[in-house]
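Reading through the structure tokens given below for one structure.
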Amino acid sequence: MENYELQRLVEQISLRFFEKPFRHKAYFNSRLRTTGGRYLLGTHDIEVNKNYLLQLGETELVGIIKHELCHYHLHLEGKGYRHRDRDFRMLLNKVGAPRFCGQLPEKPKKRSPKKILFYECSNCHLQYKRKRKFDTSRFVCGKCRGKLVMVKEQLL
């Protein structure tokens, strides 16, 4: 589905369920990660996460569009458009829009191996474990003020 098809779908849903026209833009935003869609207060546009269409199907997409259109129409009418507002919850029930979108199946995260650096004082041999490398010429041992030397790197 392309942006122009999404635009047409949003306009049709708006007329069918809300009996009001949608006069702004609707488009896919690939940067949305944790939400199915977003209504923008400043521009009155609606952004939709395409992953919900691809992974959960068109019925989930229609639910997301209805939810965002509730925000849209209530905001333009000057009524309570936030999730906690009574007007918003009543309109959600009236049009059959979900309060929350479904959850995307989680992808296994590729974890890079963690690196631990070991530094040792050349004077008192006190060891320091660090996650980040640091400039040993700028820092000294906290116990005896001796020179620090990187001893080894270890991958976990």
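What the sequence shown shows, in my numbering, is residues 1 to 156, in sequence order.
C-beta atoms are modelled at their ideal positions from N, C-alpha and C, and glycine is treated no differently.
How would you call residue i, buried or exposed, if buried means at least 16 neighbouring beta carbons within 10 angstroms?
i	result
Tyr4	exposed
Ile65	buried
Gly63	buried
What would DSSP say about residue i, mapped onto helix, strand or coil?
i	result
Phe100	coil
Cys121	strand
Phe163	Any question about residue 163 goes unanswered here, given that the chain covers just 1 to 156.
Phe134	coil
Arg84	coil
Lys147	strand
Glu2	coil
Excluding the 5 residues flanking residue i on each side, which residues of the same chain have their C-beta closer than 8 Å to its C-beta?
i	result
Leu104	Asn51, Tyr52, Gln55 and Leu56
Leu74	Gly80, Tyr81, Asp85, Asp87, Phe88 and Leu91
Where residue i and residue j are concerned, what is the direct C-alpha to C-alpha distance, given to the nearest angstrom?
i	j	result
His24	Glu2	16 Å
Phe17	Met90	14 Å
Asn29	Lys109	22 Å
Ser112	Glu60	33 Å
Can you name, in chain order, every residue of its own chain whose Cβ lies under 6 Å from the Cβ of residue i, other than the five neighbours on each side?
i	result
Phe22	Val10, Glu11 and Ser14
Ala26	Leu6, Gln7, Val10 and Ile46
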